[in-house]
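Single-structure report; data block below.
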Ligand code: NAD
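Residue numbers (the numbering used here): 4 to 482.
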């Protein structure tokens, strides 16, 4: 398998074909530094060219053809699994074992989307239920909503792109994708797989470039009625505010809490949270960030947790043994260091930290005040904090005490009680006796509050990407 060359410029994909451009984006290796390769950067009028071609392709493939394309693409990702995984590891700095997991999940996302393409159904409206409806047959079908503008983040550069492209294809919508400027290589690989699987000219464009120009042009384009955005809350809600008449589906950030109650299996909780709090150096939107432990188990939990954390290997993402590598760039690292400093100044105690070469090791703080950035904002780095509580209501209120509402977790032996507490957590998803960093690709995934306004997972994403169309036939006997 050949990796990338710094001398090459990878072409962008426009209307299903590959093209070069005068400008190129340098793709940096977050671990080694240096250039992995370069990627053609979309020019100002590329968005318009791509959208114009896409407009004519709405609903162009019948559902069975959409399903077959997605199934073939899943087969290509399976066959070239290691190439996909290495690309993720190189451009995002994600440890190779986790990158392989992401490639596996991409296959799931494509496969579940194919199922949706095959089974997408409308409904018959019970018209006889009202006097005005009697004698009429009303049928609702699900039509493609139009050209989808997709914008994706750097941290899952393959599977989160799949979560946009695959449901759009299942719905019959052509897509113009603007991948994260740091990580367009995985998106380009997936797009090529989809083209090899049968997409045609105009069905798909991948336009790498800065958010403020290429992304903004996509958001503003009048012939793009659907924007599906995954990224930070500030950017997402600004897009929503700018485009009140479009469907704008937002998958945003979180400050993920987990409650470890007095009756919890401490070994299980410590093991799962240590592994998930630091996966991809904490750069997951559901990376555990805040741990609330019942005061009666605090010492035991903290000791066990720190033992697990000290067993994590920090290093080269391409090394099989690595658990966490670098954060995406120097700016991210600087911000995380600043927030740790701010937490310490506010009274937080550092229980574990360090550096391995240039890399930040898993960092654990205790007793941060509720207004610390590491509590209230999204850390997006290898940092978690431990706080304690005496009554469960206090823990629930602290867990709810940020602007976010994506996923949260509870460890407790009493699942009956935990189910009640799950209802009191203002989060769209709650895990019980599992880390809240858990996601399977068919589940409805999304956030409340600042964390978003939609659900992804192929079946749920199709809600955004299809319109309900009603046909009423008069003169049908209802009795
Ligand atoms: P980001 O918001 O900086 O960028 C996301 C995408 O938006 C990129 O492609 C970027 O180029 C583009 N963009 C930036 N400004 C834009 C603008 N003005 N108009 C249009 N597009 C613009 O986010 P990031 O740093 O790449 O990713 C990390 C964030 O993503 C975190 O907040 C994380 O929680 C969130 N995230 C959420 C989910 C989820 O499913 N809820 C999943 C992964 C990541």
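From the three backbone atoms N, C-alpha and C, an ideal C-beta is built for every residue, glycine too.
Check the DSSP bridge columns for residue 471 and list the partner residues they point to. 145
Report yes or no: do three or more beta-carbon pairs, one from the segment 283 to 290 and one from the segment 253 to 260, lie closer than 8 Å? yes
7 Å CB neighbourhood of residue 19 in its chain, flanking five on each side removed: 198, 202, 203, 204, 205, 206 and 207
To which residues of the same chain is residue 112 closer than 8 Å at the C-beta, ignoring the five residues directly before and after it? 162, 165, 166, 169, 444 and 461
Residue 187 to residue 465 span [Cα, whole Å]
24 Å
Practice prompt. Please confirm whether residue 157 and residue 219 have their CB atoms less than 9 Å apart.
Written response: no
For this session: Grab the span of the alpha helix (DSSP H) containing residue 105 for me, first residue to last.
Result: 99 to 122
inquiry  = Does residue 127 pass the burial test, meaning 16 or more other C-beta atoms within 10 Å, or should it be called exposed?
reply    = exposed
Just verifying my parser: in three-state terms, what is the DSSP assignment at residue 160? coil
- Message: Any contact between the segment 38 to 50 and the segment 131 to 149? By contact I mean 3 or more CB pairs, one from each, below 8 Å.
- Response: no
| Fully enclosed by the segment 227 to 257, which beta strand (DSSP E) runs are 3 residues long or longer? | 229 to 233 and 250 to 254
Practice prompt. Give the secondary structure of residue 388 by DSSP, where H, G and I count as helix, E and B as strand, and everything else as coil.
Written response: strand
Exposed unless 16 or more other CB atoms sit within 10 angstroms - verdict on residue 291:
buried
> Exposed or buried, which one is residue 457 when buried takes at least 16 other CB atoms within 10 Å?
Replying inline: buried
Point to revise | Proximity to residue 249 [Cα-Cα], best of 238, 267, 242 and 228 | key: 228
| request: Could you give the DSSP three-state label for residue 314: helix, strand or coil? | output: coil
Counting Cβ pairs closer than 8 Å, one from the segment 265 to 273 and one from the segment 408 to 427, do we hit at least three?
-> yes
- Query: From 349, 389, 398 and 108, pick the residue whose C-alpha is nearest to that of residue 446; which is it?
  - Reply: 108
Quiz item: Is the beta carbon of residue 230 sitting closer than 9 Å to the one on residue 153?
Solution: yes
Requested in this report: Quick one: residues in its chain with C-beta nearer than 6 Å to the C-beta of residue 38, no 5 flanking neighbours on either side, listed in chain order?
Outcome: 9 and 29
Handout entry: Cα-Cα separation between residue 254 and residue 468, rounded to whole angstroms
Key = 15 Å
- Query: Is there at least one non-hydrogen atom of the ligand NAD closer than 8 Å to the beta-carbon of residue 156?
  - Reply: yes
Taking buried to mean at least 16 other C-beta atoms within 10 Å of its own C-beta, is residue 302 buried or exposed? exposed
Out of 370, 423 and 75, which one is the CA nearest neighbour of residue 193?
75
Check whether the Cβ of residue 231 sits closer than 8 Å to any heavy atom of the ligand NAD, and report yes or no.
no
Next item on the list: From the DSSP output, in three-state form, read off residue 22 for me.
Entry: strand
* Pull up the distance between the alpha-carbon of residue 393 and that of residue 407, whole angstroms please. => 23 Å
Please classify residue 224: is it buried, with 16 or more other beta-carbons within 10 angstroms of its beta-carbon, or exposed?
-> buried
Nonlocal neighbours in the same chain, by C-beta distance under 6 Å from residue 374, ignoring five residues either side
none
Query - As assigned by DSSP and simplified to three states, the class of residue 200 - result: coil
query: Under the rule that 16 or more other beta-carbon atoms within 10 Å means buried, what is residue 40, buried or exposed?
result: buried
#### Entry: Beta-bridge pairing of residue 27 - partner residues as DSSP gives them
43
Checklist entry - Given residue 106, which residues of its chain have a CB within under 6 Å of its CB, disregarding the five upstream and five downstream residues? => result 84, 87 and 88
- Task: Kindly indicate which three-state DSSP category residue 216 falls into: helix, strand or coil?
- Result: helix
At a threshold of 8 Å, does residue 288 count as lining the ligand NAD (C-beta to nearest heavy atom)? yes
Beta strand (DSSP E) runs contained entirely in the segment 279 to 312, provided each spans 3 or more residues = 291 to 297
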